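Read the structure below first, then the notes.
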Amino acid sequence: MKKCRNCKITKNLTHFQNWIHPKNNKQYTRNTCRECINLKTKNKQTPAQLRSKAKREKKRRDDPAYRMYHGAKQRAKKLNLPFDIDQDYIRSIIPTHCPVLEIPLSNGEKQFHDNSLSLDRIIPSKGYTRGNVCVISDRANRIKRDATLDELKRIVYYMESKET
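With this note's numbering, letter number 61 in the sequence shown gets 43, and the count goes up by one each step, no holes.
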């Protein structure tokens, strides 16, 4: 049992973090409990930072071009792909219906669904460049995610042969 320096409550040692001193390799237990550390970390953000974060979150939910732009930018950086699109360009290519499946597109609020907007790289190796991206439904993008053109043709051939 140990008393927390901040909240002054005596708690079990499992409520405190352990750390090893880098020079003498001795193990010590912190004087502040995990709950107080978490509260301190959470309260480090200023009210202005919290407002800014809430504003970004609202924009991400309400503006699909904003969400697709930032997601594409992160993926391009991670995969080392070319990237030269902006939010206005994405807004200009958003159709009302999916060009692949011809289903109406909608902006998913809390979770993705088949009709959600999804940014697609037509030729994946060319990256997120003008003329190489289009907006399709999430369902169509999931279908073509890992498949080659030959595999898709085989699936169509198989399905057509089973219908007759």
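The C-beta atom is built at its ideal place from N, Cα and C for all residues, glycine as well.
Just so it is clear, the structure is predicted and the values come from calculations on it, not from any experiment.
**Report entry** Check whether L99 and M50 have beta carbons under 8 Å apart
**Finding:** yes
Query raised in the report: Quick one: Cα of R38 to Cα of S143, how far?
Result: 50 Å
Query - Proximity winner among V115, I137, D120 and K108, relative to P64 (alpha-carbon distances) - result: Taking only the C-alpha atoms, the option nearest P64 is K108.
**Report entry** the segment -14 to 1 touching the segment 14 to 31, judged by at least three CB pairs closer than 8 Å
**Finding:** yes
Report task. Provide the residue span of the beta strand (DSSP E) that contains T14, from first to last. Result -> Element bounds for T14: Q9 to C15.
Query raised in the report: Out of V115, C80 and A30, which has the shortest C-alpha to C-alpha gap to D66?
Result: With distances taken between Cα atoms, D66 lies closest to V115.
Query - Residue closest to D68, alpha-carbon to alpha-carbon, out of K55, K59, T78 and C80 - result: Considering only alpha carbons, the answer is K55.
Query - Cβ pair count under 8 Å reaching 3, the segment 74 to 85 against the segment 27 to 35 - result: no
Query raised in the report: S88 lies in the beta strand (DSSP E); which residues open and close that run?
Result: Counting along the chain, S88 falls outside any beta strand (DSSP E), and DSSP gives it neither H nor E.
Report task. Under the assumption that K(-10) contacts T11 (Cβ atoms under 8 Å), give the Cβ distance between them as a whole number of angstroms. Result -> That pair is no contact at about 17 Å.
Requested in this report: Identify every residue that forms a DSSP beta bridge with F(-2).
Outcome: DSSP lists C15 as partners of F(-2).
Query - Counterpart residues of D102 in DSSP-defined beta bridges - result: C116
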